[in-house]
Structures are given as C-alpha cells and as structure tokens.
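What follows is a set of notes on a single structure, which appears directly below.
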Amino acid sequence: MKVLFISPAVEMHLYSPGNPIGLMALATYLNARGHTAIIRDRAIKKENLDKLFDSFRPDAVGISLMSTLGIADSIVVSKAAKKHGVPVFWGGQQTTMMPEIIASSGYCDAVMLGEGEITFMELLDAIEKKQPFDNIAGLAFMKDGKFVTTPERKFTDISRFGLDWSLIRPEDYFISYYFCTKMIYMYGSKGCPFNCDFCFNHYYNKNCRRIRDFDIVLDEIEYLIKNHGLNGIYFVDDLIFGSSQQARESCAQIKARGMKFIWGGLSRVGQYSYDDYKIMYDAGCRWMVFGIESGSEYTLNRMNKKITMAEIEQTVADCRRAGIIIIGNFIIGFPGETVEELRKTTREAMKLDINLYSVNHFEMVIRSKICDEMIAEGKFSVTNKLEDYIGLKPTEMLNINFSQIPKKDLVTIRCFFLWISFASRNIVMDTKNYALAKRAISLTLREVSRYGFFKSIPRFFIAGKNFLYHMYHANFHRSILKKYDLSFKEKCKRNKAINRQDAQE
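Numbering follows the working numbering, in which position 7 of the sequence shown is assigned residue number 240; successive positions increment by one, without gaps.
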C-alpha cells in the first residue's frame, strides 16, 4: 500500500527544522516490508496538497506531531486527506500526551500511542482487509461517540532498526554548529532510566532505555559523510550513553573505523569522569548538553533529579577540562519556586563555567508526574479543545506562571542568560569572538537561500523582534538583574579569565 507521511509546518519559528527521524524510521520499516512510503516535510516546503494527493494517490496518511507548534498545519493536512477520502492517522510525542483531545477533535481516524512501526503495519493490513481497528494495540480513536484505547503496545526491539536516508534530502537539514558546518540529527537509543517529575518519560518510555546497534548507526553516518559531506552529528537521544562502559565502547568503535566527525548530545550530570570525557573528546565529541535545571538543592529534590550541586560542579569542571563545550539546561518558574530559590539558581549559573545557557520557562507537560499531582490537587486543568493549544510555544514563552516569582523577573532572567550566550566574546573555547551571534547570522542567510528573499521577510521580522525583545529585557531591568546578582560585565570578565586559563593548560 502507498503511505504519505507528513511532517507538518510549524508556526513561524526561528529555529531551522530538524530532520523527521520518527517518520524516517516508520517509512524505512514499511518500505522494507513491501509498502511504498514517502515523506513530505512541510517545514521545508509547503507543497500544494491537492496536487500531492492527486499525483501520489496514497492509501493512508500519517502525520507526525512532535509539539504544539505543528497543530495548525496538521489540521490543514487532515482536512485535505479527508477531502480526498484518505484515512489519516496522527502519531508522535504530542499525540501520546493528549490522545483523547486529538481523537475527539475529529481531524483524524485514529491516534497512535508510542512507537508506530508495527502499529502502522497492522493499520495498513486492517485498511486493506476493511477490518476495524479494535484489535490493533497502541491506538486511540472515537467509536460510537466514545473515546476508546486499545491495549498498550509492548516495546519493539530497535537494535536492528535502520534509517533510510534516501527518504529525505539531508542537505535540507544541515546546520552549522560547534566546529562543524554540516550537522544533522540522529538517534542511537530511545528512553531514559531516570524519573524527573517534570518529564513524561515515565509514561512514554516507561523509564526504559533501548539502544540501536552502534555499528548500524556508524554505517549511516559513514553513508552521510561519503555521499553528502556530513561532518557533524547531534544525537537526539534522551541520554546519549547509558554508562561509562557504553561511552568508551562507542568511542572505540568510532576510532577503530577511522571516522572523523564532530558529535555531541544530551548527557547526565555525575555519570562520567574526566577520563571518560577525554576519551569522548578524542573520538570527536565537542559538546555536551546537561540538564542542570536548578542551582537549589531543594528545587532539585522537588524535581526528583537525583543530582547534587557538588556533582554539577564536578561534571562541569571535568567536561570543560577535557575540552568539551558545555550547554547547560535550566528550568525557571518551577511550581511553588520562590525568589530565594531562584536566586540560588542564578548565582550558581553565574559561577559555573558553562559555555552556553539554555534557560527555559517551566512548561506543564501533560502526563508528567508534577502535572498529575497538580491536577489531583485542583491547581491545574487541561483544556479539551485542540485548537486552544495552537500558538503555544513551550518553554520559550511563559504561558502560565506556577511559581511565586513575578512574571517580569522570570522573563528578564531568561533573556539575560540568552543574551549572555548570544553576545559574549570568547564564550566558546577555540572559536572566534561572538561565535554564537555570527552563527545566528549565518543561519539567517541560509534561510534566505532556502526560501528566497520575499518568503524570508516574515522570518527577518520575527528574528528582529526577538532580538530587540531579549536585548531590552536583558539590559534595561537593572533592579531585577541586581535582585538576582546578574551582571553581564562580571560574567564576561569571568569568561575571559576562564579562557586564559584554558589557553595556558
């Protein structure tokens, strides 16, 4: 059967689109089993849907909804599918978080919960045989006006799963990142064994981490290097390596093949030693993202992070000493968080030798433990109308303030740390002054070459608006900055001292 997979366009956004890994996995799996699946990414190109349906004539449509940013276009695609009499199914992370809201909207025939490879195979079989979906595990849909979920689907062994990179044009997704100019996203594992209360990993992945055969992953990277000139990989795994042993074995495999590419991904505080980071660096690792989240032990405990400030400081020191760039994720405005607890976070963030700050507003994630608790306590309720989620930009904008901290304080603090990352000189080892700012300009010019000047005008407008917004809040709320011991000048002095120390070492 013929399947049209769609990655929806997202609302006007500054970031370059990432390659649709989930759809690539689905299409690869189906094509290997006799079906004909193609992918169209509307974040790259918005094709005329009527012409697309008329030319390809799909038997089914699958839409990947990874965040609320794609809801509006997913509705557009669904309406087009129904107009052409084609069954349409929604899947992805966001659909698993809110299946009843999506199913009851009437825009799709069923919602896939969790992984979709086998589920979609069985859906196609049911469509071909004109059978109901009741016996297919991992689905949610409306039946006789009632919301129905089928039994939960057990996890699939992903160790031998591959990705067919000919399904997309990799060049459309290349990004300039640290020390590489043609970086793309890839995954080597799924899930995380940890249990942070703000995350819905416990629901989606059941705190289970599963890995792909790393030789298969390296085969794909080798293909991209030889055929597309790739020189960087961002592993989008929830946890790049599960242990020190796995990290060392993976690095040994990279070196044994003589492969030269830059890479990085999301790691965990306290998981590796300096020697581990040095081995990673020698195998091409140039950046690591850490979920630090807070500088307050009390808040970390409330988040169920199971890390300490001592571990955070040691990890940052070891990683930086090994020569790896540190990207620190922080959450501000956690439910019940006080000004004093946030001051501990800002002071710790200023003290840590972090290269790039990713400071995000707390966003209530449906199915997370903190969300379930607040619903049970009557402090939060979920809207049941899908359209109400259109326009929400999780973590970037403060949709609801659950903390005891004034909204203006939270906005100013986030803007301050983004501004430091954007405007500081020498913030990244071995790169030129204002590296992040220059990379942003480079990405903007790339957008122009991709979409054309006139289509890029709205992006220029949004980029300019965001630039002025962050500059204003980061520099002109002096009383708030003083309240939280934030000083651009002092941070720049500290960065220069750190870089001089790095140069001497």
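Virtual Cβ for every residue (Gly too), placed ideally from N, Cα, C.
Using C-beta distances below 7 Å, list every residue in its chain close to residue i, excluding the 5 sequence neighbours before and after it, in chain order.
i: Cys413; result: Asn464, Gly465, Ile495
i: Lys726; result: none
i: Ile525; result: Val502, Ile545, Gly561, Asn562, Phe563
i: Thr664; result: In this prediction, Thr664 has a pLDDT of 46, which is less than 50 and means its spatial position is unreliable; nothing more can be read from the coordinates.
i: Tyr505; result: Ser477, Ala480
Does DSSP classify residue i as helix, strand or coil?
i: Val615; result: coil
i: Ser764; result: Missing from the structure shown is residue 764; the chain here goes from 234 to 738 and no further.
i: Asp663; result: Residue placement at Asp663 cannot be trusted, given a pLDDT of 42 that sits under 50; the coordinates are not used to answer.
i: Cys484; result: helix
i: Arg221; result: Here the chain covers residues 234 to 738 and nothing more, so residue 221 does not appear.
i: Val549; result: helix
i: Phe721; result: helix
i: Phe567; result: coil
i: Ser476; result: coil
i: Ala555; result: coil
i: Ser712; result: helix
i: Tyr410; result: strand
i: Leu463; result: coil
i: Leu631; result: coil
i: Val319; result: coil
i: Lys698; result: helix
i: Lys235; result: strand
i: Phe431; result: coil
i: Lys511; result: helix
i: Arg422; result: In the sequence as presented, Arg is not what sits at residue 422; that position holds Ser. Ser422: strand per DSSP, three-state reduction.
Once the 5 residues before and after residue i are set aside, which same chain residues still bring their CB inside 8 Å of it?
i: Ala810; result: No statement about residue 810 is possible, as the shown extent of the chain runs from 234 to 738 and does not include it.
i: Gly498; result: Tyr467, Phe468, Val469, Asp470, Ile473, Met521, Val522
i: Asn634; result: Gly566, Lys640, Leu643
i: Met234; result: His268, Thr269, Asp292, Ala293, Leu357, Ile360, Glu361
i: Gln486; result: Phe447, Asp448, Leu451
i: Ala462; result: Per the sequence presented here, residue 462 reads as Gly, with Ala not at that position. The answer, listed in chain order, is Lys415.
Sort the options by Cα distance to residue i and report the nearest one.
i: Thr383; options: Thr389, Arg393, Pro365; result: Pro365
i: His741; options: Asn632, Arg290, Gly349; result: What is shown of the chain runs 234 to 738, which leaves residue 741 out entirely.
i: Ile271; options: Leu259, Lys279, Phe353; result: Leu259
i: Arg445; options: Lys415, Ile391, Phe427, Phe353; result: Ile391
i: Tyr406; options: Phe447, Tyr420, Leu282, Asp274; result: Asp274
i: Thr548; options: Asn537, Tyr507, Glu581, Met536; result: Tyr507
i: Cys441; options: Asn460, Met492, Leu451, Gly475; result: Gly475
i: Arg576; options: Lys312, Tyr717, Ser338; result: Tyr717
i: Leu719; options: Phe238, Pro253, Glu581, Glu530; result: Glu581
i: Leu302; options: Ala543, Ile638, Glu629; result: Glu629
i: Phe431; options: Asn537, Leu631, Lys626, Ile417; result: Asn537
So residue i is in the beta strand (DSSP E); what residue range does that whole segment cover?
i: Ala258; result: Note, Ala258: premise wrong, no beta strand (DSSP E); alpha helix (DSSP H) at 254-264.
i: Val592; result: 589-594
i: Cys518; result: 518-526
i: Leu372; result: 372-376
i: Val598; result: Unbroken run through Val598: none, as it is neither H nor E.
i: Thr382; result: 379-382
i: Arg273; result: 269-274
i: Leu625; result: From DSSP, Leu625 is part of no beta strand (DSSP E); its letter is neither H nor E.
i: Ile334; result: Here Ile334 belongs to no beta strand (DSSP E); instead the alpha helix (DSSP H) covers 332-336.
i: Ile495; result: 495-500
Tell me where the alpha helix (DSSP H) around residue i begins and ends.
i: Ser307; result: 304-316
i: Leu282; result: 282-289
i: Leu357; result: 350-362
i: Thr414; result: Unbroken run through Thr414 is the beta strand (DSSP E), 413-419; no alpha helix (DSSP H).
i: Val739; result: Residue 739 is absent from the model: the chain starts at 234 and stops at 738.
i: Ile296; result: Premise fails: Ile296 lies in the beta strand (DSSP E), 293-297, not in any alpha helix (DSSP H).
Would you check whether the ligand SAH has a heavy atom nearer than 7 Å to the C-beta of residue i?
i: Gly524; result: With respect to the ligand SAH, the structure shown offers nothing to examine, as it has no ligands at all.
With a CB to CB cut of under 6 Å and the five nearest residues on each side skipped, what residues in its chain are close to residue i?
i: Ile308; result: Tyr340
i: Asp397; result: Thr261
i: Ile449; result: Gly395
i: Pro568; result: Phe635
Next item on the list: May I ask you to verify whether the region 638-649 touches the region 599-607, counting CB pairs closer than 8 Å and requiring at least 3?
Entry: Not touching, per the Cβ criterion.
Notebook entry, point to check: Between the region 318-329 and the region 294-301, do three or more beta carbon pairs fall short of 8 Å?
Noted result: yes
Next item on the list: Could you tell me whether the region 348-355 touches the region 379-398, using the rule of 3 or more Cβ pairs below 8 Å?
Entry: yes
Checklist line | Any 3 or more C-beta pairs closer than 8 Å across the region 373-380 and the region 425-439 | finding: no
Next item on the list: Check whether the region 276-288 touches the region 421-432, counting contact only when three or more Cβ pairs, one atom from each stretch, lie closer than 8 Å.
Entry: Touching, no, given that fewer than three Cβ pairs across the two stretches are closer than 8 Å.
Checklist line | Three or more C-beta pairs below 8 Å linking the region 526-537 and the region 620-627 | finding: In short, these stretches do not touch, since the Cβ pair count stays below three.
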